[in-house]
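Down below is the structure, laid out as structure tokens.
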Amino acid sequence: MLNSVNVDWYNVGLNIGSIPLSTSFTISPSAPLVNKPVTFTSTTIGGTSPYAISWNFGDGSTGTGTSAIHTYSTAQTFTVTGTATDSSSPARTTTSSKTVTTSTPPPPSTSFTFSPTSPTLNSLVTFTSTTTGGTAPYSISWTFGDGGSATGATVTHTFASTQTFTVIETATDSSSPSQTATGSKTVTVSPPPPLSTSFTFLPSTPLVNAPVAFTAVTTSGTSPYTVTWNFGDGTTGTGPTVTHTFTTAQSFTVTETATDSSSPRQTATSSRSLTVYTTPPLSAAIRGSTSSPQVGQTVTFTASATGGTTPYSYAISFGDGATGTGRTPTHAYSTAGSYTVTLTVTDSGSPQAMSLASITVNVQALLPPALALPGNQTVNSGSWINFTVTATSSNPARTVALSASQLPAGATFDSYTGVFSWRPGASQTGYYTIDFIATDDGTPPMSSSSPMGIQVNQAAPGGSGGSGSGGSSNGGCTWCPTFPTISYSMRLLLIGGLLGLVTSLALLTIKARSSLEHTKRRLNRMTRDD
Numbered sequence: 037m038l039n040s041v042n043v044d045w046y047n048v049g050l051n052i053g054s055i056p057l058s059t060s061f062t063i064s065p066s067a068p069l070v071n072k073p074v075t076f077t078s079t080t081i082g083g084t085s086p087y088a089i090s091w092n093f094g095d096g097s098t099g100t101g102t103s104a105i106h107t108y109s110t111a112q113t114f115t116v117t118g119t120a121t122d123s124s125s126p127a128r129t130t131t132s133s134k135t136v137t138t139s140t141p142p143p144p145s146t147s148f149t150f151s152p153t154s155p156t157l158n159s160l161v162t163f164t165s166t167t168t169g170g171t172a173p174y175s176i177s178w179t180f181g182d183g184g185s186a187t188g189a190t191v192t193h194t195f196a197s198t199q200t201f202t203v204i205e206t207a208t209d210s211s212s213p214s215q216t217a218t219g220s221k222t223v224t225v226s227p228p229p230p231l232s233t234s235f236t237f238l239p240s241t242p243l244v245n246a247p248v249a250f251t252a253v254t255t256s257g258t259s260p261y262t263v264t265w266n267f268g269d270g271t272t273g274t275g276p277t278v279t280h281t282f283t284t285a286q287s288f289t290v291t292e293t294a295t296d297s298s299s300p301r302q303t304a305t306s307s308r309s310l311t312v313y314t315t316p317p318l319s320a321a322i323r324g325s326t327s328s329p330q331v332g333q334t335v336t337f338t339a340s341a342t343g344g345t346t347p348y349s350y351a352i353s354f355g356d357g358a359t360g361t362g363r364t365p366t367h368a369y370s371t372a373g374s375y376t377v378t379l380t381v382t383d384s385g386s387p388q389a390m391s392l393a394s395i396t397v398n399v400q401a402l403l404p405p406a407l408a409l410p411g412n413q414t415v416n417s418g419s420w421i422n423f424t425v426t427a428t429s430s431n432p433a434r435t436v437a438l439s440a441s442q443l444p445a446g447a448t449f450d451s452y453t454g455v456f457s458w459r460p461g462a463s464q465t466g467y468y469t470i471d472f473i474a475t476d477d478g479t480p481p482m483s484s485s486s487p488m489g490i491q492v493n494q495a496a497p498g499g500s501g502g503s504g505s506g507g508s509s510n511g512g513c514t515w516c517p518t519f520p521t522i523s524y525s526m527r528l529l530l531i532g533g534l535l536g537l538v539t540s541l542a543l544l545t546i547k548a549r550s551s552l553e554h555t556k557r558r559l560n561r562m563t564r565d566d
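So the sequence shown is numbered by our numbering: it starts at 37 and just counts up by one.
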């Protein structure tokens, strides 16, 4: 058992007095440069706030405030003193001192770029200065070596002669005293590329008294360009795009002259001959019903013409030595290959005009018909097997006939529909190979054949005959011989209908007998009542 403890409590008061006043400060940056601002920040504790802060920067200048900014103009070491005074009465004062060493900033360095790097005569060149070090901001001045000058970090200049110039850039900083740096480069000015010009006109077959549009295309040299025209009929024009109307049907030589803005100026000319027609010139065109016929396939060509004087005469060379006339001649090629078909159209003018047009026909070698039939089949004896054989020709003009050889006994093949049907008997077990043949009506006809195997297995004893793959089975159907000419599904439908009819008749008979019995009972009751 614990003994009880008596505790006496005492209040003790301690008087430690106020915290002594103290101050310190920081300098940023720690290694200041001449003519760069320096920030002084005071931290004061103890005493009685608020505090009054004063500064002596060691270079004869002073400042006040918890944070002060000062710039030194000379490179040397200074003793900075921060003085803090509190608000007690009487006021208490404390000081803190540090040395600050200022240094001269690194000397300025400058360079420049110019664009384009291969300027041409009288083209604008852009110069861009890049200056570092020293004291920003910088003053940039330029001399271009041709007597020209400019100021600014980015300037433009145009050289008026083709030679090499020394461009000098001078950068002056803002320090005291100021510092200067220079950069120089040589600039080679080349003559502009030779002036070149050409023109187009529309329509390409102009008519008398119809406007013709001329468009100049001028390159190189020094833009802008001055363009003049001589239309060959005694008239002229100016401008890069002009229109002109010719009043007579003949050939004219049109000359276009382009002059650039260089010094000295460059000139280029372009000439073209054009023929002005009273009526549109004769133009021929031809197309074929197919561009890739097969050997022996008939191709219908359609010729057409515009302009000139109607009526037209059409003559066609088919490219294989054969020729034809008229607007829609036909031709069949006997050998595969590429042929150029040329149409010659002659009009009825005086003198006659003639126009040519041509197309290429790629004649393909003959291909036999393609057969499509199912794979090898398996069927049980007594079951039906049915499938369809199809064939197609790569020449849509060909007709394909089907046939089959080595048909088993009892099998049928419809050469028109391609339907094969067979119900092998019990004695026909074994493997059968049937050849199906497709023949087109070409000259000469082409054929293809494909064999197909049918495996006939013995039907299971006492069961149905099963079904053949790809066909339908009658199984052990006992009523199928009654309907030999209809399909298995139709037989089922018919028998189902008969069964439904019999059931309906039976129900009607039962209902009629019930009604008759009810009537007889009523008559008996009526008789007894009488």
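Here a beta-carbon is modelled for each residue, glycine too, at the ideal position from N, C-alpha and C.
Original post:
Does the beta-carbon distance from Ser103 to Thr77 come in below 8 Å?
Top reply: yes
Subject >> Residues of its chain near Thr465, where Cβ-Cβ distance is below 7 Å and the 5 sequence neighbours each way are ignored >> reply: Ser417, Val492, Asn493, Gln494
**OP:** May I ask you to report which of helix, strand or coil DSSP gives Thr274?
**Re:** strand
Original post:
Tell me which same chain residues have a C-beta within less than 6 Å of the C-beta of Asp383, skipping the five on either side of it?
Top reply: Leu318, Gly344, Thr345, Tyr348, Ala389
Subject >> Where Asn71 falls, given that 16 or more other Cβ within 10 Å makes a residue buried >> reply: buried
Original post:
For Ala321, which residues of its own chain have a beta-carbon under 7 Å away from its beta-carbon, when the five flanking residues on both sides are left out?
Top reply: Ser340, Ala393
**OP:** Could you please give me the residues that DSSP links to Asn266 through a beta bridge?
**Re:** Thr272, Thr291
**OP:** Would you grab the beta carbon distance between Ser298 and Leu157 for me? Rounded to a whole angstrom, and I think it's under 8 Å.
**Re:** 6 Å
Subject >> CB-CB length for Lys221 against Val248, believed under 8 Å >> reply: Actually they do not touch by this definition, with Cβ atoms about 52 Å apart.
Original post:
I think Ala437 touches Ile470, with their Cβ atoms under 8 Å apart; what is that distance to the nearest whole Å?
Top reply: Their Cβ separation, rounded to whole angstroms, is 17 Å, which puts Ala437 and Ile470 out of contact at 8 Å.
Original post:
Quick one: Cα of Thr361 to Cα of Ser391, how far?
Top reply: 15 Å
**OP:** Mark Thr119 as exposed unless 16 or more other C-beta atoms lie within 10 angstroms of its C-beta, in which case mark it buried.
**Re:** buried
Original post:
If you draw a straight line from the C-alpha of His367 to the C-alpha of Phe449, how long is it?
Top reply: 38 Å
Original post:
Can you round the beta-carbon distance between Ser484 and Pro405 to whole angstroms, since I take them to be within the 8 Å contact cut?
Top reply: 5 Å
Subject >> Own chain partners of Thr130 with C-beta closer than 7 Å, once the 5 adjacent residues on each side are dropped >> reply: Leu57, Ser58, Thr59, Ala120
**OP:** Label Arg301 either buried or exposed according to how many other C-beta atoms from any shown protein chain fall within 10 Å of its C-beta, with 16 as the threshold for buried.
**Re:** exposed
Subject >> Identity of the residue in Tyr108, Ser234, Asp269, Ser147 nearest Pro65 by Cα >> reply: Tyr108
Subject >> Through-space distance from Trp420 to Ala414, alpha-carbon basis >> reply: Here residue 414 is Thr; the residue named in the question, Ala, does not match the sequence. Each residue's alpha carbon lies about 11 Å from the other.
Original post:
Using a Cβ-Cβ cut-off of 6 Å (strictly less than) and excluding sequence neighbours within five positions of Arg128, which residues of its own chain qualify?
Top reply: Leu57, Gly83, Asp122
Subject >> Proximity to Thr342 [Cα-Cα], best of Pro365, Thr315, Gly324 >> reply: Thr315
Subject >> First and last residue of the uninterrupted beta strand (DSSP E) at Tyr467 >> reply: 466–476
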